[in-house]
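Trainee: Submitted below is the structure of interest, expressed as structure tokens.
In the working numbering, the protein residues as written are 367 to 675.
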């Protein structure tokens, strides 16, 4: 991947394909094309992000195969492992259009076992598969300041780093291929565990005469404060529904991945089971499309409470 100077055309940069221009992917792709990389995208359900990206200079194709054919590097940002495998191996998938030297960067939250499997299979045809899952929110995706946990060789990561830097403020190389997705699942176990803990604590406090604002006044700015706490309580206190746009269904999916990873490695995971059940129950009651901080209202309702009273 050669560097550009102010007097040279963007065609000297790697050609990038992007699949999954949703809540996170739209901002990521926007930063890639605005920083001079030739970008090719494809639509799924919502055409609005695609039209926006085309307006910024991206090109549109109709299949993953065509994305692979048009790209040196392909970035994936989709829901999870089933979607990643379908994009890679499905009819008109990336493998069908792959060429030697292609690199695929999976920014989705996927199962590490699938990541390593795909990396091995694709290596046989000269394609590199890296995992680079994300932390933070669509706001940071739009601003280009996401955190990235990268798995793969140091040489491969160095080669694609200029593309990742378009949307990341911090890139941490956590180990070989699969380590990025392992770390992402552990990271989400911690964060979704906090969300379940906050929701239950709010209900216990409310039932015993302590309102959410009082609880926040004690915890905010103290030793238990953190960035995740702030986005969670921005919804609880200010009712900002966009404070943390990550659905309960996605949280449940990630906790299933955590359980599978723990089981495969022979690790007892009782805390994970408790956390997972919060999201399983919420999704079973039709709340899967709500965002994670709204778990506070769901748990309160299970206990006959209203946090707004």
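Beta carbons are placed, not taken as given, at the ideal position from N, Cα and C, and that holds for glycine.
Hey, which unbroken runs of the alpha helix (DSSP H) at 4 residues or more fall wholly within the stretch 604-659?
Mentor: 614-630, 636-650
Trainee: Three Cβ pairs or more, each shorter than 8 Å: is that satisfied between the stretch 572-584 and the stretch 539-553?
Mentor: no
Trainee: Here's a check: name, in chain order, each residue in its chain whose Cβ is nearer than 8 Å to the Cβ of residue 522, leaving out the five neighbours to either side.
Mentor: Once the five neighbours on either side are set aside, the close Cβ partners of residue 522 are 469, 494, 496.
Trainee: Tell me the rounded alpha-carbon separation between residue 590 and residue 427.
Mentor: 47 Å
Trainee: Cβ of residue 459 within 7 Å of Cβ of residue 424?
Mentor: no
Trainee: Can you look up residue 464 in the DSSP assignment and give me helix, strand or coil?
Mentor: coil
Trainee: Can you look up residue 379 in the DSSP assignment and give me helix, strand or coil?
Mentor: coil
Trainee: Here's a check: name, in chain order, each residue in its chain whose Cβ is nearer than 8 Å to the Cβ of residue 456, leaving out the five neighbours to either side.
Mentor: Closer than 8 Å at the Cβ level, and outside the excluded window around residue 456, lie 430.
Trainee: Figure out for me which residue from 530, 505, 524 has the closest Cα to the Cα of residue 499.
Mentor: 530
Trainee: Taking the continuous alpha helix (DSSP H) assigned at residue 538, which residues delimit it?
Mentor: It is not in any alpha helix (DSSP H) - residue 538 instead sits in the beta strand (DSSP E) that spans 534-541.
Trainee: Looking at the secondary structure, which residues open and close the alpha helix (DSSP H) in which residue 416 lies?
Mentor: 413-421
Trainee: On the DSSP bridge list, what partners appear for residue 488?
Mentor: Answer is none; residue 488 lacks a bridge partner.
Trainee: Excluding the 5 residues preceding and the 5 following residue 482 in the sequence, name in chain order all residues of the same chain whose CB lies nearer than 7 Å to its CB.
Mentor: 543, 544
Trainee: For residue 538, is the classification buried or exposed, using 16 other Cβ atoms within 10 angstroms of its Cβ as the cut-off for buried?
Mentor: exposed
Trainee: I need the boundaries of the beta strand (DSSP E) containing residue 513, first residue and last residue.
Mentor: 512-517
Trainee: Beta carbon of residue 638: closer than 6 Å to some heavy atom of the ligand MN?
Mentor: For the ligand MN, the structure offers nothing, since it holds no ligand at all.
Trainee: For a minimum of 3 consecutive residues, which ranges assigned as the beta strand (DSSP E) are wholly contained in the stretch 538-584?
Mentor: For the stretch 538-584, there is no continuous beta strand (DSSP E) assignment of 3+ residues that stays within its boundaries.
Trainee: So residue 618 and residue 657 are in contact, right, with Cβ under 8 Å, and what is the actual spacing, rounded?
Mentor: That belief does not hold up - the Cβ atoms of residue 618 and residue 657 are roughly 13 Å apart, past 8 Å.
Trainee: Going by C-alpha to C-alpha distance, which of 503, 505, 517 sits closest to residue 476?
Mentor: 517
Trainee: On the three-state DSSP scale, how would you describe residue 426?
Mentor: It is a strand residue.
Trainee: Can you list, in chain order, the residues of its chain whose CB lies under 7 Å from that of residue 674, leaving out five sequence neighbours each side?
Mentor: none
Trainee: Buried or exposed for residue 392, please, with buried defined as at least 16 other CB atoms from any protein chain shown within 10 angstroms of its CB.
Mentor: buried
Trainee: Note down, in chain order, each residue of its chain lying with its Cβ closer than 6 Å to the Cβ of residue 554, except the 5 sequence neighbours on either side.
Mentor: 620
Trainee: Report the option in 450, 562, 503 whose CA atom is closest to the CA atom of residue 485.
Mentor: If we check each option's Cα against that of residue 485, 450 comes out closest.
Trainee: Taking the straight line between their C-alpha atoms, what separation do you get for residue 437 and residue 380?
Mentor: 8 Å
Trainee: Starting from residue 522, trace the alpha helix (DSSP H) in both directions and tell me its first and last residue.
Mentor: 520-530
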